[in-house]
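Undergrad: Pasting a structure here, questions to come.
Number of protein chains: 2
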Amino acid sequence: MKNILGREIPEYIEGYGEVRTFEGAFKNGGIKIKKEVKVNSVTPNDKKVLSSIEEVLDRVAIKDGMTISFHHHLRNGDYVLNLVVQAIASRGIKNLTVAVSSIFPNHSPLIEHIKNGVVTKIVTNYMSGPVAQEISRGILKTPVIMHTHGGRSRAIESGDLHIDVAFIAAPTADTYGNVNGLYGKSACGALGYAISDAQCADRVVAITDNLVPYPTCPIEISQIYVDYVLKVDSIGDSAGIVSGTTQITNDPVGLKIAKMASDVMVATGLVKDEMSFQTGAGGISLAVAAELRKYMKQHSIVGSFASGGITGYIVDMFKEGLFRSLFDVQCFDLQAVQSYVSSHKHQRMSASMYGNPDNKGAVVNNLDIVILGATEIDTNFNVNVTTGSDGAIMGGSGGHSDTAAGAKLTIIVTQLMKARLPIIKDKVTTITTPGECIDVIVTERGIAVNPKRLDIIEKLKKTNLPIMTIEQLKIIAEKMTGKPKEIKLTDQIVAVIEYRDGSVIDVVRKPL
Amino acid sequence: MKNILGREIPEYIEGYGEVRTFEGAFKNGGIKIKKEVKVNSVTPNDKKVLSSIEEVLDRVAIKDGMTISFHHHLRNGDYVLNLVVQAIASRGIKNLTVAVSSIFPNHSPLIEHIKNGVVTKIVTNYMSGPVAQEISRGILKTPVIMHTHGGRSRAIESGDLHIDVAFIAAPTADTYGNVNGLYGKSACGALGYAISDAQCADRVVAITDNLVPYPTCPIEISQIYVDYVLKVDSIGDSAGIVSGTTQITNDPVGLKIAKMASDVMVATGLVKDEMSFQTGAGGISLAVAAELRKYMKQHSIVGSFASGGITGYIVDMFKEGLFRSLFDVQCFDLQAVQSYVSSHKHQRMSASMYGNPDNKGAVVNNLDIVILGATEIDTNFNVNVTTGSDGAIMGGSGGHSDTAAGAKLTIIVTQLMKARLPIIKDKVTTITTPGECIDVIVTERGIAVNPKRLDIIEKLKKTNLPIMTIEQLKIIAEKMTGKPKEIKLTDQIVAVIEYRDGSVIDVVRKPL
Chain A
24 MKNILGREIP EYIEGYGEVR TFEGAFKNGG IKIKKEVKVN SVTPNDKKVL
74 SSIEEVLDRV AIKDGMTISF HHHLRNGDYV LNLVVQAIAS RGIKNLTVAV
124 SSIFPNHSPL IEHIKNGVVT KIVTNYMSGP VAQEISRGIL KTPVIMHTHG
174 GRSRAIESGD LHIDVAFIAA PTADTYGNVN GLYGKSACGA LGYAISDAQC
224 ADRVVAITDN LVPYPTCPIE ISQIYVDYVL KVDSIGDSAG IVSGTTQITN
274 DPVGLKIAKM ASDVMVATGL VKDEMSFQTG AGGISLAVAA ELRKYMKQHS
324 IVGSFASGGI TGYIVDMFKE GLFRSLFDVQ CFDLQAVQSY VSSHKHQRMS
374 ASMYGNPDNK GAVVNNLDIV ILGATEIDTN FNVNVTTGSD GAIMGGSGGH
424 SDTAAGAKLT IIVTQLMKAR LPIIKDKVTT ITTPGECIDV IVTERGIAVN
474 PKRLDIIEKL KKTNLPIMTI EQLKIIAEKM TGKPKEIKLT DQIVAVIEYR
524 DGSVIDVVRK PL
Chain B
24 MKNILGREIP EYIEGYGEVR TFEGAFKNGG IKIKKEVKVN SVTPNDKKVL
74 SSIEEVLDRV AIKDGMTISF HHHLRNGDYV LNLVVQAIAS RGIKNLTVAV
124 SSIFPNHSPL IEHIKNGVVT KIVTNYMSGP VAQEISRGIL KTPVIMHTHG
174 GRSRAIESGD LHIDVAFIAA PTADTYGNVN GLYGKSACGA LGYAISDAQC
224 ADRVVAITDN LVPYPTCPIE ISQIYVDYVL KVDSIGDSAG IVSGTTQITN
274 DPVGLKIAKM ASDVMVATGL VKDEMSFQTG AGGISLAVAA ELRKYMKQHS
324 IVGSFASGGI TGYIVDMFKE GLFRSLFDVQ CFDLQAVQSY VSSHKHQRMS
374 ASMYGNPDNK GAVVNNLDIV ILGATEIDTN FNVNVTTGSD GAIMGGSGGH
424 SDTAAGAKLT IIVTQLMKAR LPIIKDKVTT ITTPGECIDV IVTERGIAVN
474 PKRLDIIEKL KKTNLPIMTI EQLKIIAEKM TGKPKEIKLT DQIVAVIEYR
524 DGSVIDVVRK PL
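Chains A and B are the protein sequences, given in the same order.
Going by this note's numbering, the first sequence opens with residue 24, and the numbers climb by one from there.
Going by this note's numbering, the second sequence opens with residue 24, and the numbers climb by one from there.
Below, the structure is given as structure tokens:
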């Protein structure tokens with residue numbers, strides 16, 4: 024069966040089930056149901072602080088086949104997932120589903136748990152490092168389900184992804200289960216990816232290395248959602264939790280791309296008072312922010328908000344008054360954490376508020392401009408940020424598909440070739456984000472506009488920017504690199520890529 | 024049928040249904056279900072701001088028999104309920120259920136709507152003024168259902184009270200439905216009573232007189248819950264919304280009671296570091312706070328939190344460092360609003376977080392001491408704050424039963440007689456809060472301790488406080504006033520009093 028993007032996807036996938044096929048970015052609107060939630064009510068005499076992970080596992084009645092969930096705000100510094108899965112494995116429990124918003128290199132102990140049958144399913148929005156590599160080699164019994172950030176909260180709230188026990192890595196928790204990410208030695212800032220888990224899981228456990236007297240302030244996750252609290256020595260390695268400072272690229276090619284992207288933004292007319300903006304933490308993305316900052320200052324423009332994972336660079340723009348407010352699902356650095364502590368206009372959002380297509384309007388719906396990256400782009404503007412040039416998983420949508428769907432102007436910034444391979448191809452290895460949501464691709468050699476955006480094409484014609492078709496861009500790339508060899512794939516499906524509405528946009532097959 | 028408190032309650036009540044009878048304050052724990060919620064999902068192109076109440080009523084498809092809800096943060100200044108019900112009535116729609124967290128004298132236009140059959144059911148936590156009086160005379164087709172504040176959110180979240188359309192009076196709303204109560208000419212502070220409505224109603228409409236550009240900060244009710252936004256000239260009369268400053272009584276009898284209550288608190292040993300405290304906005308209640316403040320200062324005590332509807336007086340104690348934090352469901356005055364704006368340790372709570380017995384632990388569960396009032400008390404310590412000496416409804420539980428159930432020490436402060444009637448009786452007109460949750464009654468003539476609190480009796484014996492039995496207190500009162508005449512009642516049930524767990528603790532019968 025081919026879906027509307029031409030991807031070969033079986034109607035039924037072993038270990039995943041019936042496939043609801045992707046039919047377009049906005050084909051699943053209408054009335055949605057948030058599933059009912061089971062709550063173990065707590066009386067005035069109940070205590071929530073438990074003394075050991077063993078007591079936690081007893082109280083939540085952990086058993087074979089359960090789904091346990093984690094969030095990734097501690098990123099490559101997270102200790103909580105490994106700690107919990109190890110403790111469960113020690114009990115001889117098998118067939119866990121691990122639903123974690125992202126997987127990083129530090130989660131490599133998962134590999135052994137997968138090989139031993141402790142973990143037989145994984146649901147995530149992003150994977151990099153050894154776990155991603157091993158899963159790409161087919162070690163997991165069932166295909167990984169990969170969501171977008173908004174799609175994960177949709178899946179949890181709708182009941183598509185039922186969580187038995189959510190484990191919340193809590194930089195600060197009080198004795199009655201109120202949690203925030205602002206304080207403590209493992210402070211990471213906003214906890215947006217953990218909110219749906221806390222609200223919808225059957226049981227919720229906060230694991231903290233900073234247990235404080237009741238009540239903590241501010242409260243990001245309320246006591247009304249948390250069953251138990253466990254104090255441990257450390258929930259993470261601070262070196263891996265937040266980077267020092269995110270840096271703008273100083274590569275001239277990257278800077279050139281950033282300037283061109285900024286010129287595109289200005290030419291569309293969207294760079295004006297009340298504009299909203301999101302960009303990533305990568306070097307080129309930040310360079311685009313730097314160009315925008317310059318322009319906004321020169322023209323005394325005040326935007327309404329910037330959103331996303333928030334970096335120190337965006338905080339600086341906020342502090343300069345270039346944006347009235349910030350929507351923060353995750354702080355990328357200590358500057359962002361500090362800003363979030365000190366201003367109520369730097370406000371948190373849950374992943375659901377950020378990008379869930381099934382609620383009453385996510386923040387991405389109000390985005391004017393988003394700057395995104397790509398590993399590969401096909402001539403229909405479909406973007407891959409999930410698999411690398413070897414066909415192995417090395418990323419995932421995260422907020423890519425969510426913001427691309429919501430924003431009025433979605434710009435991909437990328438060098439035209441990476442590691443001597445062309446970025447633009449007839450067919451990408453994996454479709455993460457559908458081309459209908461991508462408006463402009465900016466490379467150092469030229470700019471391609473999605474043909475359905477006649478309005479943008481019209482506006483860019485009036486500039487000196489090197490506008491061309493995506494086919495022309497592809498030819499330029501291939502002249503430099505030669506036509507890339509196609510990756511040989513087996514039939515084994517190692518990942519199912521769900522679009523934000525839960526339909527299947529693509530699958531990842533194990534490379535040969 | 025008599026319930027365990029000896030109240031005559033039918034097994035079935037016309038217009039209410041089967042009665043689940045009250046069996047004790049903590050008899051309904053265990054696993055609870057939050058019902059599923061219907062969500063009309065919103066796409067990037069949808070707009071939420073509508074141009075008129077007529078357009079709102081069209082879009083939510085208002086029709087006969089629907090349940091519409093309102094919150095009472097604008098108190099006696101609220102314009103929104105009258106505006107909406109009038110607009111619906113103009114369409115000839117009948118048989119509405121109006122679920123409003125409290126009813127004030129300004130809601131008297133409801134009387135005509137009740138008489139005309141537009142409104143045939145009312146669900147509320149508190150009623151005073153003409154609507155309460157008329158309902159007590161039997162004008163409503165079905166009995167009013169009266170909840171506690173926590174019980175109302177329980178009923179909404181469990182599905183016992185299904186809301187078709189929630190109308191949120193919004194002091195500030197942005198164009199995408201984010202709401203706060205902090206700014207605008209109708210600022211009222213925290214919006215705790217509206218949260219469950221917004222989260223669970225089929226449709227949610229924010230009605231504001233301060234429409235601001237997206238996004239407003241901070242966000243108390245998120246865009247993900249709000250379908251539509253309507254701008255009107257005024258949502259309320261600021262004179263009725265917040266009182267100027269709440270005042271401590273200067274009546275010597277009231278001051279004497281307050282001093283005795285404070286002595287009781289100290290004698291129990293609960294007045295110490297990390298203590299938590301709640302008191303009302305009445306004159307004696309504030310006088311108790313004043314005594315506590317003095318004691319805490321003298322002994323350098325720092326409490327963990329004060330909670331409730333927050334007054335300027337409690338804010339002063341917070342600012343002096345006597346409490347580390349505040350939990351605020353509703354601001355009683357402008358000082359409270361201002362404090363809420365300026366400190367993140369003055370934090371909001373939803374009514375569910377405040378008092379819902381079915382979530383994973385409400386704030387009331389962590390209360391050490393609560394000071395409450397009473398209209399009548401029986402010799403089993405059961406308290407009436409619902410009906411007056413004429414048998415008519417003039418109040419309701421609000422947070423009375425919730426805090427009494429949660430607090431370690433519940434003290435009723437009251438004069439022993441009011442309007443020449445004794446407060447303590449063999450039988451109260453209506454039971455609002457069960458005696459098992461009341462620990463101490465402090466009057467100017469003596470103090471009675473609930474016999475089951477042997478620990479408190481033991482501690483108070485060591486003081487010079489005038490401890491006596493409640494029967495002795497009753498005799499003193501009756502000596503002054505004579506035995507009061509019993510109120511003659513008809514068989515017509517005009518109100519069903521639901522305890523916070525949804526069981527029926529009492530009914531109100533129409534006085535003869």
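All C-beta atoms, glycine included, are put in the ideal place defined by N, C-alpha and C.
In this text, all values refer to a predicted model and were calculated from it rather than measured experimentally.
1. Anything in chain A within Cβ reach of His-367/B, meaning under 8 Å, just list it in chain order.
2. DSSP puts Val-83/A in a beta bridge; with which residues?
3. With 9 Å set as the bound, which would you pick, yes or no: does the beta-carbon of Lys-61/B sit closer than that to a beta-carbon of chain A?
4. Taking Glu-459/A as the reference, which of Gly-429/A, Thr-452/A, Ile-446/A has the closest Cα?
5. Does the beta carbon of Met-298/B come closer than 9 Å to any beta carbon on chain A?
6. Whole-angstrom Cβ separation of Gly-384/A and Gln-222/B, contact assumed at under 8 Å?
7. Across which residues does DSSP place Thr-433/A in a beta bridge pair?
8. Of the choices Val-72/A, Ile-76/A, Gly-53/A, Ser-75/A, whose alpha-carbon is the least far from that of Val-65/B?
9. I'd like the span of the alpha helix (DSSP H) that includes Gln-321/A, first residue to last.
10. Which residues in the same chain have their Cβ closer than 7 Å to the Cβ of Ser-131/B, if we skip the five residues on either side of it in sequence?
11. I need the straight-line Cα distance from Ser-124/A to His-170/A, nearest angstrom please.
12. Spatial neighbours of Ser-362/B within its chain, please: CB distance less than 6 Å, with the 5 preceding and 5 following residues excluded, ordered by chain position.
13. Is the beta carbon of Val-519/B less than 9 Å from the beta carbon of Lys-533/B?
14. For the region 377 to 389 of chain A, which residues have a CB atom closer than 9 Å to at least one CB atom of chain B, in sequence order?
15. Let me know the secondary structure DSSP gives Gln-370/B once reduced to three states.
16. Looking at C-alpha atoms only, which residue of Ile-435/A, Asp-183/A, Thr-198/A is the closest neighbour of Ser-236/A?
17. What residues from chain B crowd round Asp-187/A, counting only those whose CB sits closer than 8 Å?
18. Can you find the residues in the same chain that come closer than 7 Å, C-beta to C-beta, to Val-287/A, ignoring five residues on each side of it along the sequence?
19. Is the CB of Phe-49/A under 9 Å away from at least one CB in chain B?
20. Could you name the residues of the region 247 to 269 of chain A whose beta carbon sits closer than 8 Å to any beta carbon of chain B, in the order they occur along the chain?
21. Return the bridge partner residues of Met-169/B from the DSSP annotation.
22. Beta-carbon within less than 8 Å of Leu-390/B's beta-carbon, same chain only, minus the 5 sequence neighbours each way: which residues are those?
23. Got a sec: is the Cβ-Cβ distance from Val-406/A to anything in chain B below 9 Å?
24. Take Leu-512/A and list the residues in its own chain whose beta-carbon comes closer than 8 Å to its own, dropping the five residues that flank it on each side.
25. Considering only the beta carbon of each residue, do Val-249/B and Asp-232/B sit closer than 9 Å?
26. Looking at Leu-395/A and the ligand ADP, is the gap between the Cβ and the nearest heavy atom below 8 Å?
27. Is the CB of Tyr-216/A under 9 Å away from at least one CB in chain B?
28. Within 8 Å, do at least three Cβ pairs link the region 170 to 182 of chain A to the region 375 to 383 of chain A?
29. Taking the continuous alpha helix (DSSP H) assigned at Tyr-206/A, which residues delimit it?
30. Under 8 Å Cβ to Cβ from Glu-41/A, same chain only, skipping five residues before and after it: list those, please.
31. Tyr-199/A touches chain D at which residues, Cβ-Cβ below 7 Å?
32. Ala-224/A CB to nearest chain B CB: under 9 Å?
33. How would you write the range of the beta strand (DSSP E) that Thr-456/B sits in, first residue to last?
34. With DSSP collapsed to three states, give me the class of Phe-190/B.
35. Taking Tyr-251/A as part of the beta strand (DSSP E), name the residues at either end of that continuous run.
36. What's the call for Asp-296/B, buried or exposed, on a 16-neighbour Cβ count within 10 Å?
TA: A quick look at the data gives this:
1. For this step, residue 367/B is matched to residue 344 along the second sequence. The answer, in chain order, is Cys-240, Pro-241, His-367.
2. For the purposes of this step, residue 83/A is identified with residue 60 of the first sequence, where counting begins at 1. In the DSSP output, where bridge partners are listed per residue, Val-83/A has none listed.
3. As a first step, residue 61/B must be located in the second sequence, where it is residue number 38. At a cut-off of 9 Å, the C-beta of Lys-61/B has a neighbouring C-beta in chain A.
4. Position 436 of the first sequence, counting from 1, holds the residue named residue 459/A. Looking at Gly-429/A, Thr-452/A, Ile-446/A, the one whose alpha-carbon comes closest to that of Glu-459/A is Gly-429/A.
5. For this step, residue 298/B is matched to residue 275 along the second sequence. Met-298/B does not count as touching chain A.
6. Position 361 of the first sequence, counted from the start, is the residue given in the question as residue 384/A. Position 199 of the second sequence, counted from the start, is the residue given in the question as residue 222/B. Not confirmed; about 15 Å, so no contact.
7. Locating residue 433/A in the first sequence gives position 410, where the first residue counts as 1. Looking at the DSSP assignment, Thr-433/A forms a beta bridge with Val-393/A.
8. Within the second sequence, numbered from 1, the residue matching residue 65/B stands at position 42. With distances taken between Cα atoms, Val-65/B lies closest to Gly-53/A.
9. The sequence position of residue 321/A within the first sequence is 298, counting from 1. Its alpha helix (DSSP H) spans residues 306 to 321.
10. Counting from one through the second sequence, the residue named residue 131/B turns up at place 108. The residues are Gly-152, Pro-153, Val-154.
11. Reading the first sequence from its first residue, position 101 is the one you call residue 124/A. Reading the first sequence from its first residue, position 147 is the one you call residue 170/A. The C-alpha of Ser-124/A lies about 9 Å from the C-alpha of His-170/A.
12. For the purposes of this step, residue 362/B is taken as the residue at position 339 of the second sequence. Around Ser-362/B: Val-338, His-369.
13. To locate residue 519/B, count along the second sequence from 1; it is residue 496. To locate residue 533/B, count along the second sequence from 1; it is residue 510. No. Outside cutoff.
14. Listed in sequence order: Asn-379, Pro-380, Asp-381, Asn-382, Lys-383, Gly-384, Ala-385, Val-386, Val-387, Asn-388, Asn-389.
15. Residue mapping note: residue 370/B aligns to position 347 of the second sequence, counting from 1. In the structure shown, the three-state DSSP call for Gln-370/B is strand.
16. If you number the first sequence from 1, residue 236/A lands on position 213. The sequence shown places Pro at residue 236/A, not Ser. The residue from Ile-435/A, Asp-183/A, Thr-198/A with its alpha-carbon nearest to that of Pro-236/A is Thr-198/A.
17. Within the first sequence, numbered from 1, the residue matching residue 187/A stands at position 164. One finds nothing in chain B with a Cβ atom closer than 8 Å to the Cβ of Asp-187/A; even the nearest lies about 14 Å away.
18. Taking the first sequence and counting its residues from 1, one reaches residue 287/A at position 264. Answer for Val-287/A: Ile-434, Val-463, Val-465, Ile-470, Leu-483, Leu-488, listed in chain order.
19. Position 26 of the first sequence, counting from 1, holds the residue named residue 49/A. Any Cβ of chain B closer than 9 Å to the Cβ of Phe-49/A would place that residue at the interface, and such an atom is present.
20. Ile-247, Tyr-248, Val-249, Asp-250: these are the residues of the region 247 to 269 of chain A whose beta carbon lies less than 8 Å from some beta carbon of chain B, given in chain order.
21. The count along the second sequence starts at 1 and reaches residue 169/B at position 146. Looking at the DSSP output, Met-169/B sits in a beta bridge with Thr-147/B, Ile-520/B.
22. Locating residue 390/B in the second sequence gives position 367, counting from the first residue. The residues are Ser-299, Phe-300, Gln-301, Ser-330, Thr-426, Gly-429, Ala-430, Lys-431.
23. What you label residue 406/A is simply residue 383 of the first sequence in a count that begins at 1. For Val-406/A, the answer is no, since every Cβ of chain B falls outside 9 Å of its Cβ.
24. Numbered from its first residue, the first sequence carries residue 512/A at position 489. Around Leu-512/A, the same chain offers Gly-414, Arg-532, Lys-533, Pro-534, Leu-535 as residues with beta carbons nearer than 8 Å, after the five sequence neighbours per side are excluded.
25. Locating residue 249/B in the second sequence gives position 226, counting from the first residue. Locating residue 232/B in the second sequence gives position 209, counting from the first residue. Asp-232/B is positioned such that its CB atom lies no closer than 9 Å to that of Val-249/B.
26. With respect to small molecules bound, the structure shown includes none, and the ligand ADP cannot be examined in it.
27. On the first sequence, residue 216/A is found 193 positions in, with the first residue counted as 1. No, because no Cβ of chain B sits closer than 9 Å to the Cβ of Tyr-216/A.
28. Short answer: they touch.
29. Within the first sequence, numbered from 1, the residue matching residue 206/A stands at position 183. Where Tyr-206/A is concerned, there is no enclosing alpha helix (DSSP H), given that its DSSP letter is neither H nor E.
30. For this step, residue 41/A is matched to residue 18 along the first sequence. Excluding positions up to five away in sequence, the list reads Glu-34, Tyr-35.
31. Absent from the structure is chain D; the protein chains it does hold are A and B.
32. Within the first sequence, numbered from 1, the residue matching residue 224/A stands at position 201. Answer no: the Cβ-Cβ gap between Ala-224/A and chain B never drops below 9 Å.
33. As a first step, residue 456/B must be located in the second sequence, where it is residue number 433. Secondary structure note for Thr-456/B: it is in no beta strand (DSSP E), with a DSSP letter that is neither H nor E.
34. For the purposes of this step, residue 190/B is taken as the residue at position 167 of the second sequence. DSSP places Phe-190/B within a strand segment (E or B) once states are collapsed to three.
35. As a working mapping, residue 251/A is identified with position 228 in the first sequence. Taken as a continuous stretch (DSSP letters only), the beta strand (DSSP E) holding Tyr-251/A covers 251 to 254.
36. Residue mapping note: residue 296/B aligns to position 273 of the second sequence, counting from 1. Label assigned to Asp-296/B: exposed.
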